[in-house]
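Q:
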Amino acid sequence: MTTSLSLPNSDIDPFSDEALADPYPYFQQLRDLGPLVELTQHNVVALSRHAQVVDALTDSHTFSSADGVGLNDVSNSSFEGTLIATDPPEHARYRAVLAERLAPRSLREMKADIEDRVDRHVEDLVSRGSFDAITDLARAVPVAVVLDLLGFPPEGRDQLLGWAERFGDINGPANERMQAALPAVDELFGWLATTCTRDRMIPGGFATTIHEAAERGDIPEEAVVPLMSSYALPAMDTTISALGSAIQLFVDNPDQWEALRENPALIPGAFNEVIRLESPIQAFSRVTRRTYTTEGFSIPENARVVIFYGAANRDERKYADPDRFDVRRQNVDHVAFGLGTHACPGQGLARMEAHAVLHALTRHVRAWESAGEPRRRFTNITRSLDRLPVVAHR
Ligand code: HEM
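The sequence shown maps to residues 2 to 395 in this note's numbering.
#1: Give the DSSP bridge partners of P390, in chain order.
#2: For V225, collect the residues of the same chain with a Cβ closer than 7 Å to its Cβ; drop the 5 residues on either side in sequence, then sort them by chain order.
#3: Please determine whether the Cβ atom of V70 lies at a distance below 7 Å from any heavy atom of the ligand HEM.
#4: Where do the ends of the beta strand (DSSP E) carrying V306 lie?
#5: E39 by DSSP, collapsed to three states: which one?
#6: From the DSSP output, which residues share a beta bridge with W369?
#7: Select from R330, R129, T383 and A271 the residue whose C-alpha is nearest the C-alpha of V366.
#8: What are the boundary residues of the alpha helix (DSSP H) that includes A165?
#9: Anyone know if the C-beta pair for L1 and S49 falls short of 8 Å?
#10: Rounded to whole angstroms, what's the CA-CA distance from P9 to L37? Just pull it up for me.
#11: With Y95 as the anchor, note down where its alpha helix (DSSP H) starts and where it stops.
#12: From the DSSP output, which residues share a beta bridge with L193?
#13: On a CA-only basis, which of P269, A165 and D117 is nearest R140? Give me that one, please.
#14: Going by the CB atoms, is the gap between F153 and C197 shorter than 8 Å?
#15: Where does S5 sit, in a helix, a strand or coil, going by DSSP?
#16: Start and end of the alpha helix (DSSP H) containing R32?
#17: Quick check: what's the CA-CA separation for I135 versus L161?
#18: Which value, in whole angstroms, describes the spacing of the CA atoms of A22 and P15?
#19: Give the DSSP bridge partners of T294, in chain order.
#20: Out of P155, R378, I85 and R106, which one is the CA nearest neighbour of F64?
#21: Note down, in chain order, each residue of its chain lying with its Cβ closer than 6 Å to the Cβ of A393, except the 5 sequence neighbours on either side.
#22: Quick one: what does DSSP say S231 is sitting in, helix, strand or coil?
#23: Excluding the five sequence neighbours on either side, which residues of its own chain have a C-beta within less than 8 Å of the C-beta of G206, listed in chain order?
#24: Between L261 and S230, how many whole angstroms is the CB-CB distance? I'm expecting something under 8 Å.
#25: Hey, how far is the Cα of A185 from the Cα of N172?
#26: Helix or strand or just coil, what does DSSP make of L362?
#27: My understanding is that D88 touches A57, with C-beta atoms under 8 Å, so please give their C-beta distance in whole angstroms.
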């Protein structure tokens with residue numbers, strides 16, 4: 002890959018343990034260095050300011066996903082043909098397969114049932130007093146909602162979350178975390194190909210809809226497994242990350258919890274604020290198909306760039322006092338769900354789950370208290386907690 006020699010450069014490694022523990026000072030350094038910064042350790046150009054990240058996400062002719070959105074060759078060849086690694090016009094054909102299933106009308110049909118299940122789960126948890134907000138809540142809800150929706154056969158599907166958690170490492174640079182996660186790729190694709198055949202699907206699930214699209218000839222048969230993986234991988238871990246961060250932010254900011262309890266109409270904005278501050282997906286990548294110029298700096302064609310969603314969402318050029326958690330902030334233009342061609346098709350579902358959880362919590366929890374140190378799960382491109390012990394006061 003070639004890059005312009007005239008760009009500011011940096012030898013920081015945003016994928017090191019230190020950076021993953023607290024990426025925000027590193028993102029600040031990158032934003033301060035310039036709109037385009039060469040990361041010398043990884044031979045990529047970093048986009049960390051909001052304006053350039055928006056440019057890249059909304060221009061798939063210049064910033065292509067077809068060579069993969071990961072930062073190493075192994076993951077990019079493994080995920081070839083998946084939705085996220087396809088450019089228009091093929092992309093639209095694959096994306097159309099589940100568009101109806103994730104549209105607002107379909108989500109509305111599930112809403113009351115999800116809200117009811119979530120409320121009962123939260124009431125039960127809160128009656129215990131203390132619990133682990135990751136295991137008992139942030140993981141429990143998406144697993145309960147999404148596994149049935151995907152409609153994979155019961156044998157083996159309990160491994161799906163583990164594979165999805167490793168997806169966040171596989172797409173990083175070729176470091177130790179990425180190497181350790183690699184077996185998950187073969188395991189997942191092997192399971193999808195051998196166990197998730199048409200005859201074994203749970204009727205009515207997303208996986209059945211994908212098989213049916215192939216039967217009708219809307220997509221080629223060989224697109225079935227990559228497309229199933231496209232939805233299986235990002236559907237749970239991202240939402241788990243967002244729910245975990247939400248609870249942690251409210252434990253740390255009691256005044257913001259009070260504001261939300263007093264006015265639950267703030268919930269949709271508060272959820273945007275959570276994923277602006279702690280973007281579940283911190284980074285994905287693109288390759289330039291032609292020269293991109295911004296603020297006097299250029300990247301030539303065929304350069305790999307890394308898009309730091311988590312850095313753009315804290316850009317002081319865009320947000321006043323960007324590190325402050327403010328549930329009243331007007332922030333609909335954050336990039337935590339991406340933008341443009343590849344903007345997250347599951348965001349309606351994720352929002353529905355998160356809003357249901359926050360509504361239930363405002364009904365049942367008066368105040369939060371920490372019950373021990375949170376533990377972070379270090380993952381190359383996702384931001385997640387592993388443990389978050391809390392006391393919920395009724
Ligand atoms: C809080 C939860 C979530 C967050 C923060 C999130 C974030 C993202 C982001 C940033 C992208 C853009 C990738 C790019 O720019 O290349 C994306 C794409 C995608 N997401 Fe999500 N996501 C979430 C939940 C979900 C759910 C619940 C599903 C499944 C139903 C899902 C399925 C997908 C798929 C299939 C893509 C690829 C879309 C394409 O390439 O056209 N996501 N997500």
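Just so you know, even glycine gets a beta-carbon here, dropped at the ideal spot from N, CA and C.
A: With the structure as the only source:
#1: Looking at the DSSP assignment, P390 forms a beta bridge with D133.
#2: I211, H212 and A215
#3: yes
#4: R305 to F309
#5: strand
#6: A393
#7: Comparing Cα-Cα distances from V366 to each of R330, R129, T383 and A271, the minimum goes to R129.
#8: L161 to I171
#9: Nothing in the structure corresponds to residue 1, since the chain is present only between 2 and 395.
#10: 7 Å
#11: E91 to A97
#12: According to DSSP, which records beta bridges pairwise, L193 is partnered with nothing at all.
#13: A165
#14: Contact: yes.
#15: Bear in mind that a pLDDT of 47 at S5, under 50, signals an unreliable position, so the number given afterwards is only what the model happens to contain. S5: coil per DSSP, three-state reduction.
#16: Y25 to L34
#17: 17 Å
#18: 10 Å
#19: Beta-bridge pairing links T294 to S299.
#20: I85
#21: V127 and V366
#22: In this structure, S231 counts as helix in the three-state DSSP scheme.
#23: D149, L150, L151, G152 and F153
#24: Actually they do not touch by this definition, with Cβ atoms about 36 Å apart.
#25: 12 Å
#26: helix
#27: About 13 Å separates the two Cβ atoms, so there is no contact after all.
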